[in-house]
């Protein structure tokens with residue numbers, strides 16, 4: 380990759396969470412309840428918050444067919460991350476610099492997390 384001070388192939392940093400447990404598939408009523416809670420939470424600060432009760436029933440029923448709502452009773456959570464931990468401080472900073480130049484939110488989020496972990500990786 381051209382991001383390092385030496386020849387290398389491109390790799391991508393990531394953060395992933397694996398959740399294990401018992402899954403319960405929700406019926407349409409349960410799915411609507413989940414959607415209502417999501418809309419209420421994420422629309423509350425909008426200038427004109429979306430309201431589920433503005434949708435007609437035919438529209439709602441047709442769109443519920445494309446949705447599988449579920450709940451998980453969690454037994455175990457594994458978090459994995461690859462954040463250039465194998466790089467030296469100089470190359471780590473080169474990656475941070477390249478991520479800073481990218482416009483997408485994912486790159487910004489990875490950069491922020493890499494900056495947080497950097498302190499523990501490169502203690503002086």
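Numbering (this note's numbering), first residue to last: 380 to 503.
We put the CB at the ideal spot given by N, CA and C, even for glycine.
Asked, Found
"So within the region 416–490, which uninterrupted beta strand (DSSP E) runs reach at least 3 residues, ignoring any that extend past its ends?", "449–461"
"Determine the DSSP secondary structure at residue 497, reduced to helix, strand or coil.", "helix"
"Within 10 angstroms of its Cβ, does residue 474 collect 16 or more other Cβ (buried), or is it exposed?", "buried"
"Shortest alpha-carbon distance to residue 494 belongs to which of 484, 480, 471, 481?", "471"
"Quick check: the region 391–410 against the region 449–459, are at least 3 beta-carbon pairs closer than 8 Å?", "yes"
"In whole angstroms, what separates the C-alpha of residue 429 from that of residue 418?", "7 Å"
"Going by the beta-carbon positions, is the gap between residue 399 and residue 459 smaller than 9 Å?", "no"
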